[in-house]
Ligand SMILES: [Zn+2]
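Residue numbers (my numbering): -1 to 177.
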């Protein structure tokens, strides 16, 4: 394993999509973890990347999608409500002015002072300028409007964010259009 690690540490950190036994997307793990799971018989490989990985004794294609051998019951599709996940959902774009690439904060659409809650539908990514402009008001009172209605993301939405060009083999499993 030492050689394998030295040869391709970055390859072994490549993201692998993990599907439930019924092909429902569950999570993303590293290729290293996926290969361990294959050897333990916990998952089967569904799709591969083009890369081949070598160890002293084996050469195998790098898995890109694996599927659990046994169905696991998932407790809902809860994505944890965190500042980081709000920013991710909104793609680091101010949900009022649409600016990107500036420092962002989290805005309560209905301010806390007016009993606005910490929920997916009341929190949005917001630039500091809009946040100052809005103050403790609701958007229309300050002449601001939201680009879109904030939604609670599903597990599938969450995983879709990991999809780059090289993860095109994931797309059918995440209900995304082929490219
Ligand atoms: Zn803004």
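From the three backbone atoms N, C-alpha and C, an ideal C-beta is built for every residue, glycine too.
Under the three-state reduction of DSSP, residue 70 is assigned to coil, being neither helix nor strand. In summary, residue 34 is exposed, with fewer than 16 beta-carbon neighbours lying within 10 Å of its beta-carbon over all protein chains present.
Nearest to residue 48 by alpha-carbon distance, out of 116, 29, 146, 130, is 29. Going by DSSP, residue 17 is part of the beta strand (DSSP E) stretching over 13 to 17. Residue 106 carries a strand assignment under DSSP once its states are collapsed to helix, strand and coil. Every residue whose Cβ sits closer than 7 Å to any heavy atom of ligand 1 is listed here in chain order: 92, 94, 95, 97, 124, 125, 127, 128. Going by DSSP, residue 25 is part of the beta strand (DSSP E) stretching over 23 to 28. In this structure, residue 65 lies away from residue 36, with their beta-carbon atoms at least 8 Å apart. Checking the DSSP bridge columns, you'll see residue 32 has no partner listed. The C-alpha of residue 148 lies about 7 Å from the C-alpha of residue 120.
Cβ neighbours of residue 103 within its own chain (closer than 7 Å, five residues either side excluded): 124, 126, 129. Pairing residue 13 with residue 160 gives a Cβ-Cβ distance under 8 Å. Between residue 156 and residue 15, the C-beta spacing is not below 8 Å. Within a 10 Å sphere around the beta-carbon of residue 32 sit 16 or more other beta-carbons, which makes this residue buried. Per DSSP, reduced to three states, the secondary structure at residue 138 is helical. The beta carbon of residue 99 is closer than 7 Å to none in its chain, skipping five residues each way along the sequence. Assigned with DSSP and collapsed to three states, residue 164 falls in helix.
In the structure shown, the three-state DSSP call for residue 151 is coil.
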